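Sequential numbering of the sequence shown, starting at -8, is according to my numbering. Even for Gly, the Cβ is constructed at its ideal location relative to N, Cα and C. Note that the structure is predicted; figures quoted are calculated from it, not measured.
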Amino acid sequence: MTDYPNYEYNDYEDYREPVSGEYEEYWYHDADNYNEISKTILDVNVFFEFFTIFANIFHLVVLFQKELRSSSIFILMIGICLADIFGFLCQFYDHGIERSWFRPILQIIWSIFPQNSDVLCLSFDYQLVDIPNELKNIIISSTRPISIWLAILMAMIRTFSVMFPMNNRVQNMTKGSSAILIVCTVSLFWVVFYSWYNIYMEFVWFPDYVSFICTPSMVPNVTILVFPMAQFDVKYTEKYKYLLRFIPSVVYPVLTTFLFLELRKIKKKRLEMNKNSDGGEKSNSTTKLILFMTVSFMFSEGLAGVMQLIGNYVNPKKSDDVEAMELMYKVSVVTDAVMVLRTWNALSHFFVCYMMSSQYRDTVKRMFCCCKPKFNIIMVKGSEPNSDSNTKILKLSKPKSY
């Protein structure tokens, strides 16, 4: 009779990789602690993302009001707001999928885009394209740089308009039509940047591209959209992402410095010329608003670029390299915390605009039918053109309702 060896069986849940020494202590304790911290941070980020979406939807409604939508600065804010809404919606959807929140939505998507159960029979030289997932990834990847660079251009336009107020080219940049063109150009550039590899996609007849583990008779006679694995590397730009985030972190401080210096100069001139100028107060508040948004973007995106740069060089050579593993986990935790900072930054846009822009604040009050003006203001100009001294303001009291 054949003698069979005796095997020792362990439950899967109780199984641990056999390690010893310093690595054993780290593997059993420290790694679990870092994972728990990251999980908590991600849960907090999901909570903020939920409120960020609704805050930005209301922010968008305010920006589309008649008083604001003609201003180039607020048009650029509309672009930033739209990018944040679409980006955070897709990210929140991803988190919901991880937590099994959206099963009914998935069933609807699968009914529109049926999932091919025979995908394992596809040739290993090709990858089946999941169209909804591909669109979602493009939106998530492109909306973040769109909002970043629109904020940079908003600060740049404001800086130029403050430094060169009489320059015709600068004045053209501050027009609403120019702002719309900037939003469309920036959006198109980044969408193309993160989706250009789709030119390699192709429609193929499934039975002609069957792997060796299947036969043509085992797959349906359908045309499918595939991506060639030979071009797979072009889909990923991870090694360049830190540059895309690090460059704005360098540009932001330069713009912030120039804007701050020009703001101080204008403040001194305004105090000398006219301390009670309403237009000056509006301009000053707008500049402060942009300055605050520039600084907040600089911290959130600059830190993201720095952490991405560090993460590229933190790669343990061996599984028992405790110091490298610990540094990698620390970088991961800080990166997750920076994600919360970015979400908080997007959430704060509405509140910052309300606190720092009198025009925005008056628009919100008007929308809720409160603090209506007690007078109708009419601007009357004299007969001489280009004469500010002949401009008079008439205040007509509103008729009382009985």
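Alpha-carbon to alpha-carbon, residue 142 and residue 96: Their Cα atoms are separated by approximately 34 Å.
On the three-pair Cβ rule with 8 Å, is the segment 57 to 76 touching the segment 143 to 152? Enough Cβ pairs lie closer than 8 Å, so yes.
Is residue 40 buried or exposed, if buried means 16 or more other CB atoms sit within 10 Å of its CB? The residue in question, residue 40, is buried, as its Cβ has 16 or more Cβ neighbours within 10 Å.
What are the boundary residues of the beta strand (DSSP E) that residue 219 is part of? In the DSSP assignment, residue 219 falls within the beta strand (DSSP E) that extends over 214 to 219.
What residues match up with residue 52 in a beta bridge as DSSP calls it? Note: residue 52 sits in no beta bridge, so no partner.
State the start and end residues of the unbroken beta strand (DSSP E) segment that holds residue 117. That run of the beta strand (DSSP E) goes 117 to 119.
Would you say the segment 190 to 202 touches the segment 214 to 222, given that touching needs at least three Cβ pairs under 8 Å? Two segments are said to touch when three or more pairs of C-beta atoms, one from each, lie closer than 8 Å; by this definition the segment 190 to 202 touches the segment 214 to 222.
With a cut-off of 8 Å on the beta carbons, I'd call residue 79 and residue 87 a contact; round off their distance for me. Incorrect: roughly 12 Å between the Cβ atoms, too far for contact.
What would DSSP say about residue 338, mapped onto helix, strand or coil? Per DSSP, reduced to three states, the secondary structure at residue 338 is helical.
Starting from the Cα of residue 354, find the closest Cα among 55, 250, 85 and 197 and give me that residue. For the residues 55, 250, 85 and 197, the minimum Cα distance to residue 354 belongs to 55.
Within 8 Å, do at least three Cβ pairs link the segment 129 to 139 to the segment 174 to 183? Contact holds: three or more Cβ-Cβ distances are below 8 Å.
What are the start and end residues of the beta strand (DSSP E) that includes residue 195? That run of the beta strand (DSSP E) goes 193 to 196.
Counting along the chain, where does the alpha helix (DSSP H) carrying residue 90 start and finish? First-last for residue 90: undefined, no H or E at that position.
Rounded to whole angstroms, what's the CA-CA distance from residue 160 to residue 173? Just pull it up for me. Computed Cα separation, rounded: 14 Å.
Buried versus exposed call for residue 344 [16 or more other C-beta atoms within 10 Å across all chains shown]: With 16 or more Cβ atoms within 10 Å of its Cβ, residue 344 is classed as buried.
From residue 207 to residue 118, what distance separates their C-alpha atoms? Each residue's CA atom was taken as its position, placing residue 207 and residue 118 some 17 Å apart.
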